[in-house]
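Student: First residue of the sequence shown? That's 1 in the UniProt record's numbering, and the numbers climb one at a time after it. Structure in structure tokens, see below.
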Amino acid sequence: MEVSSHSIDLHRVDYLKFNYLVFTNLSQDHLDYHKDMASYFNVKKKLFLEEYRYVYGGEKAVINIDNNYGKRIFKSTDLERISYSLKSDRASVWASNIKNSISGIEMDVNTSDGKKFNISSSLCGYFNIYNILAAAGICIDMGIKNSSIQRGIKSLYGVGGRFEKIDSDRKSTVIVDYAHTPDGLENVLATIKQILKPGGRIISVFGCGGDRDKEKRKIMGHISGQQADFTVITSDNPRTERPDSIISMIEEGLMESGSKEYIKETDRKKAIFKALEMTRKNDVVLIAGKGHENYQEFKDYRIPFCDREVVKEWAAEENERKNKS
Numbered sequence: 001m002e003v004s005s006h007s008i009d010l011h012r013v014d015y016l017k018f019n020y021l022v023f024t025n026l027s028q029d030h031l032d033y034h035k036d037m038a039s040y041f042n043v044k045k046k047l048f049l050e051e052y053r054y055v056y057g058g059e060k061a062v063i064n065i066d067n068n069y070g071k072r073i074f075k076s077t078d079l080e081r082i083s084y085s086l087k088s089d090r091a092s093v094w095a096s097n098i099k100n101s102i103s104g105i106e107m108d109v110n111t112s113d114g115k116k117f118n119i120s121s122s123l124c125g126y127f128n129i130y131n132i133l134a135a136a137g138i139c140i141d142m143g144i145k146n147s148s149i150q151r152g153i154k155s156l157y158g159v160g161g162r163f164e165k166i167d168s169d170r171k172s173t174v175i176v177d178y179a180h181t182p183d184g185l186e187n188v189l190a191t192i193k194q195i196l197k198p199g200g201r202i203i204s205v206f207g208c209g210g211d212r213d214k215e216k217r218k219i220m221g222h223i224s225g226q227q228a229d230f231t232v233i234t235s236d237n238p239r240t241e242r243p244d245s246i247i248s249m250i251e252e253g254l255m256e257s258g259s260k261e262y263i264k265e266t267d268r269k270k271a272i273f274k275a276l277e278m279t280r281k282n283d284v285v286l287i288a289g290k291g292h293e294n295y296q297e298f299k300d301y302r303i304p305f306c307d308r309e310v311v312k313e314w315a316a317e318e319n320e321r322k323n324k325s
């Protein structure tokens, strides 16, 4: 069960008894609600503190100690702790011999009692490695056999809109991802860089939601300018804001990064089409921000919209053009 900061602050999960509380990471988001990162963190931290034990009833904390906020929770919680890491062999569970490619993950899972076993998955990306470690840590603590953990992880398929590979009918790769925060965008671009084939470019397509944290727009533009080879700035869910105003704020960050390799296209469908049309062999197109969503939200209305379906529509049109020529 995923527990958002809103659900904690609004008492939606009061008096639920959690056997395991997992802290994955924390990065800039929801500041339209929390106002600053300190407030955001303090809400999340409540789950792990003794003074709120009567509310949440947590038994064990499973914590990513590679995250700075995770380190702080690890030090302050009085719960029994299970730590996981890609960087420290002092964690309860850590990964080694990691092979991360577009086709999946293979790695060794190590435990603090000196045991080791191999895991393979069709999922890819370092965020999935962290999630697998958290799940493995819980399973090990519950006494589940390593062989069962291996089978369970191997049988998993990706969640729609989370680093989801879409067939575009070209020799390039198209990935749709929900990354809508600076940390999320940076992580997914870093993951793509690690699996990018020689000669390939990263083409990033994204916007930022209206009526939400405005500070992150410039930051995300800067990140894309630094990490992607080309950026198509477009609309996300503009809501009551003007799409071109949001795009201009993202553009500021791109300009500050020194990148001149970008275009602006307010219409998200046209933006995706333009990105796909410029691809060549081994390129990766990242369409970020909306992921699984099947709508686009404007001031007074919503329209049906799905990034994945737009890619498929473009591929069908491309295939039809090829057949006619």
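Note that beta-carbon positions come from the ideal geometry of N, C-alpha and C, so glycine has one too.
Between L123 and chain B, is any beta-carbon pair separated by less than 8 angstroms?
Tutor: Among the chains in the structure shown there is no chain B, since it carries only a single protein chain.
Student: Could you work out which residue in D213, G137, N110 and D169 is closest to residue 399 when comparing CA atoms only?
Tutor: For residue 399 there is no data in the structure shown, the boundaries of the chain being 1 and 325.
Student: Is the CB-CB distance between I153 and C124 below 8 angstroms?
Tutor: no
Student: DSSP three-state label for M1, please.
Tutor: coil
Student: Strictly by DSSP, which residues pair up with L21?
Tutor: A61
Student: Would you call the segment 301 to 310 in contact with the segment 185 to 204, where contact means no fewer than 3 C-beta pairs closer than 8 angstroms?
Tutor: Short answer: they don't touch.
Student: Give the secondary structure of N237 by DSSP, where H, G and I count as helix, E and B as strand, and everything else as coil.
Tutor: coil
Student: Check each candidate in V285, A190, G58 and S5 and name the one with the smallest Cα separation from E164.
Tutor: V285
Student: Going by DSSP in three states, T191 sits in which element: helix, strand or coil?
Tutor: helix
Student: How would you call A61, buried or exposed, if buried means at least 16 neighbouring beta carbons within 10 angstroms?
Tutor: buried
Student: Does the beta-carbon of L133 have 16 or more other beta-carbons within 10 angstroms, so that it is buried, or is it exposed?
Tutor: buried
Student: Could you give the distance in angstroms between the alpha-carbon of I82 and the alpha-carbon of K44?
Tutor: 18 angstroms
Student: From K281 to L196, what distance separates their C-alpha atoms?
Tutor: 11 angstroms
Student: Please tell me whether residue 326 and N64 are closer than 8 angstroms, where the distance is taken between their beta carbons.
Tutor: The structure shown has nothing for residue 326, since the chain only spans 1 to 325.
Student: So, for K264: in the same chain, excluding its five sequence neighbours on each side, which residues have a beta-carbon less than 6 angstroms away from its beta-carbon?
Tutor: I233 and I247
Student: I'd like the span of the alpha helix (DSSP H) that includes I140, first residue to last.
Tutor: Y126 to D141
Student: Report yes if the C-beta distance between R217 and M255 is below 8 angstroms; otherwise report no.
Tutor: Going by C-beta atoms, R217 is not nearer than 8 angstroms to M255.
Student: Helix, strand or coil for K115 per DSSP?
Tutor: coil
Student: Ignore the nearest five residues each way along the sequence and tell me which others in W314's own chain have a CB closer than 6 angstroms to its CB.
Tutor: F273 and L276
Student: Between K312 and the rest of its own chain, which residues show a CB-CB distance below 8 angstroms, the 5 nearest in sequence each way excluded?
Tutor: I166 and D167
Student: Just list the residues that DSSP pairs E80 with in beta bridges.
Tutor: K60
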